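What follows is a short report on a single structure.
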Amino acid sequence: MPHLESETKHALMLFAVQKVRELYSRADEKGAILVLEPKDDTEARQIVESLPLAQLGMLSFDIYGTKPCRGFVANL
3 MPHLESETKH ALMLFAVQKV RELYSRADEK GAILVLEPKD DTEARQIVES LPLAQLGMLS
63 FDIYGTKPCR GFVANL
């Protein structure tokens with residue numbers, strides 16, 4: 003894919019500035035999973051929309067909010 007180098011550089015920059023916490027390739031080779039560190043849903047969308055493939059219209063994404071696991075937090 004000709005745009006993969008710019009996508010990788012941008013993702014690494016987001017990792018360096020702690021906007022991306024974790025980045026995985028899917029086992030079925032159909033995309034990636036990013037764990038983000040946004041302040042809110044709006045920033046999460048802005049982070050993903052800043053990726054070169056998203057700007058080219060070649061990337062679709064879903065954003066899911068998370069919260070601490072109740073059982074885990076209760077035992078800390």
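Quick note, the sequence shown lines up with residues 3 to 78 if you use this note's numbering. For glycine and all other residues, C-beta sits at the position ideal for the given N, C-alpha and C. Just so it is clear, the structure is predicted and the values come from calculations on it, not from any experiment.
Same chain, Cβ closer than 8 Å to residue i, neighbours up to 5 away in sequence not counted
i	result
VAL22	ALA13, LEU16, LEU36, VAL37, LEU38, GLU39 and ILE49
PHE63	VAL50 and ALA56
MET60	HIS5
Contact check, residue i vs residue j, beta carbons under 7 Å
i	j	result
GLU9	PRO70	no
ALA18	SER27	no
Same chain only: Cβ atoms within 6 Å of residue i, ignoring 5 sequence neighbours per side
i	result
ALA46	LEU38, PRO40 and ILE65
GLU24	VAL37
Selection from the options that minimises the alpha carbon distance to residue i
i	options	result
HIS5	ALA18, ALA29, GLU31 and GLN57	GLN57
Reduced DSSP secondary structure (H/G/I, E/B, other) of residue i
i	result
HIS5	coil
Review point. Fully enclosed by the segment 19-74, which alpha helix (DSSP H) runs are 4 residues long or longer?
Key: 43-51 and 54-57
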